[in-house]
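Student: Take this structure first; my questions come after.
2 protein chains.
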Amino acid sequence: MGRIAILGGTGPEGLGLGLRLALSGEEVVVGSRQAQRATDAAERARARLVAAGCRTPFSGAENRAAVQGADVVVIATPFAGVAELLPPLAPDLADRLVLDVVNPLIRVNKQFTIEHVPDGSAAETIQRLLPRSQVVSAFKNESAEELNAIEHPVDGDVVVCSDHPDARARVLALVERIPRYRPVDAGPLVNARSLEAITALLLNINRRHRVVTSIRILGLKDGKGSQEAASD
Amino acid sequence: MGRIAILGGTGPEGLGLGLRLALSGEEVVVGSRQAQRATDAAERARARLVAAGCRTPFSGAENRAAVQGADVVVIATPFAGVAELLPPLAPDLADRLVLDVVNPLIRVNKQFTIEHVPDGSAAETIQRLLPRSQVVSAFKNESAEELNAIEHPVDGDVVVCSDHPDARARVLALVERIPRYRPVDAGPLVNARSLEAITALLLNINRRHRVVTSIRILGLKDGKGSQEAASD
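Line by line, the protein sequences are chains X and B. Residues 0 to 231 in numbering that gives the first Met the number 0 are what the first sequence spells out, letter by letter. Residues 0 to 231 in numbering that gives the first Met the number 0 are what the second sequence spells out, letter by letter.
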């Protein structure tokens with residue numbers, strides 16, 4: 000894919016995804032509001048990657064600098080931050096693939112749930128804030144803990160949705176490069192509403208049963224789930 | 000469990016669930032607003048069960064009559080109907096196990112999604128309308144088509160949630176009796192928000208890939224997923 004910038008890439012979800020993408024051969028730049036924090040996180044990540052035998056470039060930069068020259072920009076910040084972060088970046092991100100992994104989670108009586116988002120989902124909010132970008136949602140249900148534990152393989156289905164079929168196809172191909180993740184094409188971006196809700200359920204099951212879970216869609220016809228289908 | 004009444008039991012989801020419950024040995028009464036429709040549906044269902052070698056009692060009745068003497072009452076009506084149907088039944092359903100399988104689905108641009116429910120989910124609305132009942136949500140993601148195809152086994156995880164732990168345990172045990180379904184205890188009822196959203200996703204994947212899907216939670220430690228856990 001070329002270079003992948005991860006906004007909020009010093010948080011556990013963004014950093015874990017960055018590690019997995021680097022292991023599959025992608026050049027990664029983790030972004031943060033503070034350049035120093037980003038370069039520190041990148042340095043630690045690079046040490047782990049080198050120990051795992053991976054020498055893919057992995058660097059850190061302030062968010063705005065990170066997106067320069069990136070082919071894909073991942074949004075991995077807390078949902079509360081996107082309304083402030085994204086509008087100034089919209090011109091830079093025009094006509095680019097923006098990969099949204101955000102979950103708008105809140106806790107009510109110790110249970111995770113999704114907060115009510117007027118747009119319907121964090122994904123739809125991000126697409127509204129970046130109207131000229133090709134927003135694709137994926138990796139919403141993948142546990143940060145599992146992503147970061149690079150000594151272990153991941154497992155599960157990565158459900159992908161977007162209103163931009165070409166961009167969606169690119170992300171399906173990207174998922175395919177991470178061993179044992181199976182990409183599943185769920186079509187339009189509105190499906191992100193369900194993906195975000197699934198994350199809350201998995202986190203509650205994790206806490207209840209003291210495990211780290213992921214999901215599998217049973218009943219897909221081929222082994223991959225990523226075939227292009229008729230209708231959009 | 001004794002006798003199970005299914006309100007809205009002549010619709011495909013309710014009837015399919017009734018068939019599976021009858022096959023696992025439960026006595027079923029399908030309810031409808033019209034007694035004749037219920038008895039007709041029950042007669043056809045009974046013929047199918049007998050052909051499959053099952054002679055469990057399976058009858059039909061008007062909704063209000065169906066709940067009399069039932070040990071479990073399943074709500075399988077469209078969500079739009081519950082605000083009218085349930086309040087008059089609330090005294091009858093007090094202190095009883097009410098099994099909610101309702102999904103508040105709408106379609107937007109050919110995609111299924113869940114409608115915005117002020118209570119957070121259909122499940123929470125039903126619990127609010129039946130404050131003295133023990134509402135348990137389950138079977139929300141199980142395809143009506145698959146439930147009705149009794150010549151084939153079902154497959155997948157049936158995620159169960161409720162604010163009433165004893166009632167939840169009873170439903171987990173009920174799920175266990177249906178071959179190949181695995182019960183998964185998701186804890187409190189708020190998790191129904193996620194279950195309802197999952198249904199929309201599965202329906203969209205089904206339509207897109209021309210398949211019938213279900214879900215599996217990967218990473219649970221035992222084979223069943225239904226063990227009681229520490230926190231509620």
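Don't be surprised by glycine CBs; every beta carbon is placed ideally from N, CA and C.
1) Starting from X/L98, trace the beta strand (DSSP E) in both directions and tell me its first and last residue.
2) Would you say B/I214 reaches chain X, if we count a Cβ-Cβ gap shorter than 8 angstroms as a contact?
3) Mind checking the segment 181–196 of chain B against chain X and listing, in chain order, the residues whose C-beta falls within less than 9 angstroms of any C-beta there?
4) Using the Cβ count rule (16 or more neighbours within 10 Å means buried), how would you classify B/Q35?
5) Tell me whether X/F138 sits in a helix, a strand or coil according to DSSP, three-state version.
6) Just verifying my parser: in three-state terms, what is the DSSP assignment at B/G80?
7) Please say whether B/S31 and B/E12 have beta carbons closer to each other than 8 angstroms?
8) Would you mind working out which of B/V27, B/D99 and B/R54 sits nearest B/L128, comparing C-alpha positions?
9) From B/L84 to B/L22, what distance separates their C-alpha atoms?
10) Could you tell me whether any Cβ in chain B is nearer than 8 angstroms to the Cβ of X/L200?
11) Taking only beta-carbon atoms, is B/R207 less than 8 angstroms away from chain X?
12) Am I right that B/N153 and B/E141 are in contact with their C-beta atoms under 8 angstroms? What's the rounded C-beta distance?
13) Between X/D154 and chain B, is any beta-carbon pair separated by less than 8 angstroms?
14) Looking at the unbroken beta strand (DSSP E) that takes in X/A51, where does it start and where does it end?
15) Could you list which residues in chain X have their beta carbon closer than 7 angstroms to that of B/K139, in chain order?
16) Please classify B/P117 as buried or exposed, where buried requires at least 16 neighbouring CB atoms within 10 angstroms.
17) Whole angstroms are fine: how far does the CA of B/L217 sit from the CA of X/A4?
18) Need the endpoints of the alpha helix (DSSP H) that X/T124 sits in, please.
19) Given that B/Q110 touches chain X, what residues does it touch there, using C-beta distances under 8 angstroms?
20) Just the C-alpha distance for B/E175 and X/L6, rounded to the nearest angstrom, thanks.
21) When DSSP builds the beta bridges, which residues end up paired with X/S161?
Tutor: From the atom records:
1) It spans L96 to D99 - the beta strand (DSSP E) in which X/L98 sits, taken as one unbroken run.
2) By this cut-off, B/I214 is an interface position.
3) Hits within the stretch, in order: V183, D184, A185, G186, P187, V189, N190, R192, S193, L194, E195 and A196.
4) Flag for B/Q35 reads exposed.
5) Under the three-state reduction of DSSP, X/F138 is assigned to coil, being neither helix nor strand.
6) B/G80: helix per DSSP, three-state reduction.
7) Cβ distance not < 8 angstroms, so B/E12 and B/S31 don't count as in contact.
8) Considering only alpha carbons, the answer is B/D99.
9) In this model, B/L84 and B/L22 are separated by some 28 angstroms (Cα to Cα).
10) It does: the Cβ of X/L200 has a partner Cβ on chain B nearer than 8 angstroms.
11) True, the Cβ-Cβ gap to chain X drops below 8 angstroms.
12) What sits at residue 153 of chain B in the sequence shown is Val, not Asn. Between B/E141 and B/V153 the Cβ distance is about 7 angstroms, and since that is below 8 angstroms, they are a contact.
13) Judged by the 8 angstroms Cβ criterion, X/D154 is in contact with chain B.
14) Element bounds for X/A51: n/a, residue is neither H nor E.
15) Correct list: empty, because the minimum Cβ distance to chain X is about 11 angstroms.
16) Around the beta carbon of B/P117, fewer than 16 other beta carbons sit within 10 angstroms, so the residue counts as exposed.
17) Rounded to the nearest angstrom, the two C-alpha atoms are 29 angstroms apart.
18) In the DSSP assignment, X/T124 falls within the unbroken alpha helix (DSSP H) covering A121 to L128.
19) The CB of B/Q110 comes closer than 8 angstroms to the CB of G186, P187, V189 and N190 in chain X, given here in chain order.
20) B/E175 and X/L6 have their C-alpha atoms some 44 angstroms from each other.
21) The bridge partners DSSP lists for X/S161 are X/V135.
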